[in-house]
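To keep things clear, I will list the structure first and then write my remarks on it.
Protein chains: 2
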Amino acid sequence: MRDLGVVMVVSGPSGSGKSTICGHILEDNKEDFGLVVSHTSRAPREGEIDGVHYHFISPEKFLENKSNGLYLEWAEVHGNYYGTPGDQVEKFVDMQKNVILEIDVQGGLQVKAKLPKSVLIFVSPPSYETLESRLRGRKTDDEEVIKKRLENAVGEMHKSSQYDYFVVNDELQKAIDSIILIGESERKRVPRLNLNEIFDSMRFPKFQK
Amino acid sequence: MRDLGVVMVVSGPSGSGKSTICGHILEDNKEDFGLVVSHTSRAPREGEIDGVHYHFISPEKFLENKSNGLYLEWAEVHGNYYGTPGDQVEKFVDMQKNVILEIDVQGGLQVKAKLPKSVLIFVSPPSYETLESRLRGRKTDDEEVIKKRLENAVGEMHKSSQYDYFVVNDELQKAIDSIILIGESERKRVPRLNLNEIFDSMRFPKFQK
């Protein structure tokens, strides 16, 4: 039975731990998951490698790609462009690999609109207190910034109703396992399968009504 | 996070191995799955225990229960009634246990109509050849009966398009695992969750738009 890979969008507020989760899944399941490298027009930061962390391209090239429909979703953040190249995603799906895209809710909804079979997974912190202490724990930001982040996080949380799955990150390994098994389970969903093709491959006779 | 149990209907043609799969799941996961005992108006066979294999009741009692809306689904087979008591199912769901109901596609669609959050899982043999050899392997039936069974099986297979999930039983343990993980995955689906209740329990402030 040939089942295509599943495009899994993972979103969640800052402090939900989504990056840690996605990092572990991609690191530990290289055979089952394809790593999609985003395009960005911002300059590489120290230690960032072109083609590994991002494909670094000029703003002109980004806009050209965008108008050619290359991006499954894109966003402008602080004057820089970020985009998920659809051809990379498609390549992995055809190779029967799942794809994890860590993007925000707005980007996730863009992906869903273009790929209705994609799966939107929202990662939530276990409680407001945990979120607050995680955001405060970073210690890099002043009170105003933290308050703004918390406010944004509350707003983000309420967008989860537009998502397909809601995973609470109260224990890292459990959250990782949940997301992997959502991918496995989704591969068996009927709307995703070509049943006629499957019946043919199983040599079932055509059904005579 | 309080997530209710999932009602999982498992169907498939005779010879798909669905009974073996359901038996193993219920036997090995008593903490996570509730065992619903069907009602029937047929007489107990040798070795069958009332309340274990079935609740054996009179046809009159069955019809009374039916008209009181007790059954989530019911069927008449060879003049005997069989029904799935909805109150048992509800009890386990409230206890946060998943429920597996091994019933035919017609019954499965009855359940889905009454409980839209139930999950319909179709178990398929890996190939027509395997199905044929499984049905022939029973050796109890003559050629006419086997031919009829194979024909019915082909008809059943094509009803799987109305189901939510399609699981190929090419390896027993893999099929068992697939069905268990579908249940786990489904518990995290947003349409099944009461997000406002969850946010309250996490002490998230109300969202001010």
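Going down the list, the sequences are from chains F and Z. Be aware that the first sequence starts at 2, since it is given in our numbering, and climbs by one per residue. Be aware that the second sequence starts at 2, since it is given in our numbering, and climbs by one per residue. Beta carbons: idealized from backbone N, C-alpha and C, even for Gly.
- Of the candidates Z:Leu-5, Z:Phe-63, Z:Met-203 and Z:Ala-114, Z:Phe-63 places its Cα closest to the Cα of Ser-39 of chain Z.
- Pairing Ser-42 of chain Z with Pro-60 of chain Z gives a Cβ-Cβ distance under 7 angstroms.
- For Leu-121 of chain Z against Tyr-164 of chain Z, the beta-carbon gap comes to about 4 angstroms, under 8 angstroms, which counts as contact.
- Identification of residues in the stretch 180-202 of chain F having a C-beta nearer than 8 angstroms to some C-beta of chain Z yields Leu-182, Ile-183, Glu-185, Ser-186, Glu-187, Lys-189, Arg-190, Val-191, Leu-194, Leu-196, Ile-199 and Phe-200, given in sequence order.
- Less than 7 angstroms divides the Cβ of Lys-189 of chain F from the Cβ of Phe-167 of chain Z.
- In the three-state scheme derived from DSSP, where H, G and I count as helix and E and B as strand, Ile-104 of chain Z is classed as coil.
- At a C-beta separation below 7 angstroms, Phe-205 of chain F has these neighbours in chain Z: Tyr-129, Val-155 and Met-158.
- Asp-95 of chain Z is outside the set of residues whose beta carbon lies under 7 angstroms from a beta carbon in chain F.
- Chain-ordered listing is empty here: chain Z has no CB closer than 7 angstroms to the CB of Phe-34 of chain F, the nearest sitting near 17 angstroms.
- With contacts defined by Cβ atoms closer than 7 angstroms, Thr-85 of chain Z and Leu-73 of chain Z form a contacting pair.
- Interface annotation, Val-168 of chain F: in contact with chain Z, CB-CB separation under 7 angstroms.
- Against Ser-161 of chain F, the close residues of chain Z are Val-191 and Leu-196, in the order they occur along the chain (beta-carbon pairs closer than 8 angstroms).
- Segment contact: the stretch 121-131 of chain Z against the stretch 4-18 of chain Z, three or more CB-CB distances shorter than 8 angstroms; contact assigned.
- The residues Gly-16, in chain order, have a CB closer than 6 angstroms to that of Arg-135 of chain F in the same chain once the five nearest residues on each side in sequence are set aside.
- A direct Cα-to-Cα measurement between Ser-20 of chain Z and Val-146 of chain Z gives close to 20 angstroms.
- The beta carbon of Arg-150 of chain F sits closer than 6 angstroms to those of Ser-15 and Leu-136, all from its chain and outside the five residues before and after it, given in chain order.
- DSSP places Ile-181 of chain Z inside the alpha helix (DSSP H), whose first and last residues are 173-187.
- Under the Cβ criterion of 7 angstroms, Asp-165 of chain Z is counted among the residues facing chain F.
- When the alpha-carbon of Leu-173 of chain F is set against those of F:Leu-5, F:Asp-4, F:Gly-6 and F:Ile-22, the nearest one is in F:Ile-22.
- Contact between Phe-34 of chain F and Lys-98 of chain F is confirmed by a C-beta separation of about 6 angstroms, below the 8 angstroms threshold.
- Pairing Met-158 of chain F with Phe-205 of chain Z gives a Cβ-Cβ distance under 7 angstroms.
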